[in-house]
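*Asks:* Dumping the structure here so I can ask a few things about it.
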Amino acid sequence: MSSVIIRKVSDKKDLREFIQFHYDLYRDDKYDVPNLYNDELNTLSKDKNAAFDFCDAEYYLAYKDGKLAGRVAAIINNSANERWRQKRVRFGWIDFIDDIEVSEALLKAVEDYGRSKGMDEIVGPLGFTDMDPEGMLTFGFDELGTQATLYNYPYYPRHIEKIGGWEKDNDYVEYKLFVPEKIPEKFSKIAEMIISRYNLRVKKLTRKDIFEGGYGQKIFDVINATFKDLYGYSQLTQKQIDQYIKMYLPMADLNLITLIEDWNADRKLVGVGITIPSLSHALQKCRDGRLFPFGWWHVLRALKFHKTDIVDLLLIGILPEYRMKGANALLFYDLIPWYQKYGFKWGETHVEMETNENVQSQWQYLESENHKRRRCYVKKL
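Counting with my numbering, you get residues 6 to 386 for the letters of the sequence shown.
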């Protein structure tokens with residue numbers, strides 16, 4: 006008989022415990038990058054996250070010998086299930102001590118929730134949408150994490166494999182891209198060619214463009230169109246788009262955002278490159294994800310004063326019909342000089358499906374290193 010007790014999160018106190026567990030489990034770990042506490046609270050609160058318009062969720066805490074030993078979220082993205090004609094419950098926000106009784110009990114809680122809702126598969130780690138971190142780290146445990154991805158101890162995937170019944174559903178890769186001393190000649194030639202041949206142009210933003218000129222909306226329209234056929238993606242709703250515009254763009258360094266427009270099509274927006282100074286080290290200095298009393302200063306130093314060697318390639322999207330035209334080269338033709346000016350030494354890609362050769366081919370003219378891999382697992386219920 007299991008000595009693990011599973012309890013459903015039922016009030017704000019439980020939710021605070023749920024969030025706090027990650028900070029406690031990874032305290033002083035030099036690779037984990039914790040999210041800000043308020044960001045986690047907003048994402049997990051059903052009255053604040055726009056994804057709850059089409060998602061259902063419950064959160065669970067695991068106790069062993071009277072002590073908190075793990076947590077997990079059970080999520081049903083009804084929009085994604087309808088889009089992909091599936092009946093899947095997702096597990097996310099999973100953390101546990103190195104005790105297989107705990108991990109097995111947590112996953113069983115998600116399975117039971119899924120069955121009660123008529124689901125026939127469990128998959129994860131995934132969040133509510135693709136804007137949340139996804140995929141369990143399986144390689145690169147000695148590499149610094151990022152704000153936009155999950156970090157986990159090496160025993161996590163070992164537990165999944167030992168429990169049994171789980172299979173690979175999707176693998177992701179992440180690359181370290183080294184900033185060159187000068188723009189690669191291939192980039193320059195391709196960029197100059199597509200400017201003259203296709204009349205594609207770089208667009209740099211102003212705050213007015215974003216909040217009064219409609220470019221905030223246009224950016225996420227391109228993201229929706231770019232990602233629509235990717236693994237498990239569900240289209241961002243208008244409410245989510247409005248939320249993300251307010252959340253991500255006000256503090257952005259606009260020099261590190263590059264857009265591509267087609268001047269032959271009434272300046273249609275066809276490509277988006279949103280990059281930010283890495284907040285990894287800054288967030289590690291925010292004790293338990295709090296900006297106050299001193300965390301705000303570390304975040305400000307990274308965002309405004311670029312006190313980091315790393316730039317995160319947060320969202321890169323090119324409309325499908327423009328990928329073969331080399332529009333991505335034009336993005337980095339503009340961005341690389343800014344990286345050089347700010348003193349960034351290397352860039353961190355976001356997660357890329359291992360089968361997405363179109364995305365990975367855009368790094369062929371840069372020195373790169375595949376330094377992390379992660380996996381989404383699936384199991385029949």
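Heads up, the beta-carbon is just placed ideally off N, CA and C, and yes, glycines get one too.
Using the Cα positions of H311 and D125, report the straight-line distance between them to the nearest angstrom.
*Replies:* As a first step, residue 311 is located in the sequence shown; it is residue number 306 there, counting from the start. As a first step, residue 125 is located in the sequence shown; it is residue number 120 there, counting from the start. Taking the straight line from one Cα to the other gives about 47 Å.
*Asks:* Nearest-angstrom Cα distance between Y253 and W301?
*Replies:* Here residue 253 is taken as the residue at index 248 of the sequence shown, counted from 1. Here residue 301 is taken as the residue at index 296 of the sequence shown, counted from 1. Approximately 16 Å, taken between the alpha carbons.
*Asks:* Would Q245 be called buried (16 or more neighbouring beta carbons within 10 Å of its own) or exposed?
*Replies:* As a first step, residue 245 must be located in the sequence shown, where it is residue number 240. Looking at its Cβ environment, which holds 16 or more other Cβ atoms inside 10 Å, Q245 is buried.
*Asks:* If L264 sits next to L205, beta carbons under 8 Å apart, how far is it from one beta carbon to the other, in whole angstroms?
*Replies:* One-based indexing of the sequence shown puts residue 264 at position 259. One-based indexing of the sequence shown puts residue 205 at position 200. Not a contact, Cβ separation roughly 11 Å.
*Asks:* Label P255 either buried or exposed according to how many other C-beta atoms from any shown protein chain fall within 10 Å of its C-beta, with 16 as the threshold for buried.
*Replies:* As a first step, residue 255 must be located in the sequence shown, where it is residue number 250. Exposed is the call here.
*Asks:* For the beta strand (DSSP E) that S8 lies in, which residues bound it at each end?
*Replies:* Walking along the sequence shown from the start, residue 8 turns up at place 3. Taken as a continuous stretch (DSSP letters only), S8 belongs to no beta strand (DSSP E), as it is neither H nor E.
*Asks:* My understanding is that G140 touches I127, with C-beta atoms under 8 Å, so please give their C-beta distance in whole angstroms.
*Replies:* Mapped onto the sequence shown, residue 140 falls at position 135. Mapped onto the sequence shown, residue 127 falls at position 122. Actually they are not in contact, since the Cβ atoms of G140 and I127 sit about 15 Å apart, beyond 8 Å.
*Asks:* Out of curiosity, what's the CA-to-CA distance linking A56 and A79?
*Replies:* As a position in the sequence shown, residue 56 is number 51, starting the count at 1. As a position in the sequence shown, residue 79 is number 74, starting the count at 1. Cα-Cα distance, rounded: 14 Å.
*Asks:* Quick one: give me the first and last residue of the beta strand (DSSP E) that R93 is part of.
*Replies:* Locating residue 93 in the sequence shown gives position 88, where the first residue counts as 1. First-last of the beta strand (DSSP E) with R93: 93-101.
*Asks:* Kindly identify the DSSP beta-bridge partner or partners of M1.
*Replies:* Because the chain in this structure spans residues 6 to 386, residue 1 falls outside the shown range and cannot be described.
*Asks:* Assess contact between the stretch 134-152 and the stretch 333-351, defined as three or more Cβ pairs (one per stretch) separated by less than 8 Å. Is contact present?
*Replies:* No, the stretch 134-152 does not touch the stretch 333-351.
*Asks:* Could you tell me which residues DSSP pairs with M252 in its beta bridges?
*Replies:* Counting from one through the sequence shown, the residue named residue 252 turns up at place 247. Beta-bridge pairing links M252 to no other residue.
*Asks:* Out of W89, L112, F225, which one is the CA nearest neighbour of I99?
*Replies:* Within the sequence shown, numbered from 1, the residue matching residue 99 stands at position 94. Cα-wise, what sits closest to I99 is L112.
*Asks:* Hey, out of K309, S366, W268, whose CA is closest to L259's CA?
*Replies:* Residue 259 sits at position 254 when you count from the first residue of the sequence shown. The candidate whose alpha carbon is nearest that of L259 is K309.
*Asks:* Are the CB atoms of L284 and V304 within a distance shorter than 9 Å?
*Replies:* What you label residue 304 is simply residue 299 of the sequence shown in a count that begins at 1. What you label residue 284 is simply residue 279 of the sequence shown in a count that begins at 1. Yes, Cβ-Cβ distance for V304 and L284 is below 9 Å.
*Asks:* Determine the direct distance from the alpha carbon of T231 to that of R76, and round the result to whole angstroms.
*Replies:* For the purposes of this step, residue 76 is taken as the residue at position 71 of the sequence shown. For the purposes of this step, residue 231 is taken as the residue at position 226 of the sequence shown. Straight-line Cα distance between these residues: approximately 33 Å.
*Asks:* Return the bridge partner residues of S283 from the DSSP annotation.
*Replies:* Counted from its first residue, the sequence shown places residue 283 at position 278. S283 pairs with nothing; no bridge assigned.
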